[in-house]
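In what follows, a single structure is set out as structure tokens and then discussed.
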Amino acid sequence: MSEITLAESITSDNSNVDGKDCTVGHFISESDGQRIVALAAAWVGTPYRLLGAGSEIGVGGDCSGTTNKIFVDAGFRYPYQSTSSFAAFAKKTNRFRQIDLAKERPQAGDILLWPGHMAIYAAFKSDSQNYDGKLVKHGVPKFNDIYTAFRPGGRPYGPFNSEMIRNDRYVVYRYYILPGEENCEK
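So the sequence shown is numbered by UniProt numbering: it starts at 1 and just counts up by one.
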């Protein structure tokens, strides 16, 4: 019986960069997330107004509208989604991927989604004026970790603590650079 070769694998030289386009995609980096957080800081003081896609820095905005505008301004585009449509949009488009908090921690720029509310995870440093620490829940100091807008007539857009604004759990989503996009090659 003679030997038959079914396949052969050859590795190209490292100088050959043909065919090395981004075909899988990847999450945004921590530094990309910090850019989102820096843009969120510019919205601090913007009054809460239920404007959705019409949210405007310094004029008014709600949680979903401000989040969308900040991501778009940071170069991470997605069509406006309300809090009620965001999870389905993420699942359908893969534009955002859910992060398993049992396996990894949120990173700057992640979206925290509750029923009817969303926020941008900010991971403030302890020397930041936004870190705060004056908040106490069950005798334990809590530190600000998000930027968001919520409640008509409440505090304007700014830093808050995710545990102090809601008692229910949130789901974390991270922006995903899709194959073929301009900045996919990172």
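Glycine included, each C-beta is placed from N, C-alpha and C at the ideal position.
Distance from Ile99 to Arg174 at the Cβ level is roughly 5 angstroms; contact confirmed, criterion being Cβ atoms closer than 8 angstroms. Look at the beta carbons and you see the region 51-58 not touching the region 83-92: under three pairs across the two are nearer than 8 angstroms.
As the crow flies, the alpha-carbon of Asp73 is around 8 angstroms from that of Leu39. Taking Tyr78 as reference, the option from Arg166, Gly45 and Asn94 with the minimal CA-CA separation is Asn94.
Rounded to whole angstroms, the Cβ separation of Cys63 and Ala119 is 6 angstroms, and the two are in contact under 8 angstroms. Within a 10 Å sphere around the beta-carbon of Asn144 sit 16 or more other beta-carbons, which makes this residue buried. Note on geometry: alpha-carbon atoms of Gln34 and Glu3 lie some 57 angstroms from one another.
By the 16-neighbour rule on beta-carbons within 10 angstroms, Asn167 is exposed.
The beta carbon of Gly153 sits closer than 8 angstroms to the beta carbons of Tyr48 from its chain, once the five residues preceding and following it are set aside; these are given in chain order. Here Tyr147 is near Pro159, since their CB atoms are less than 8 angstroms apart. Each residue's CA atom was taken as its position, placing Gly45 and Phe150 some 12 angstroms apart. For the UniProt domain "NlpC/P60" (30-158), the continuous beta strand (DSSP E) assignments of 3+ residues that do not extend past its boundaries occur at 96-99, 111-114, 117-121, 132-137, 140-143 and 146-148, in sequence order.
By the neighbour-count criterion, in which a residue is buried when 16 or more other Cβ atoms sit within 10 angstroms of its Cβ, Val59 is exposed.
A distance of 8 angstroms or more separates the beta carbons of Pro106 and Val24. A direct Cα-to-Cα measurement between Arg169 and Gly180 gives close to 34 angstroms.
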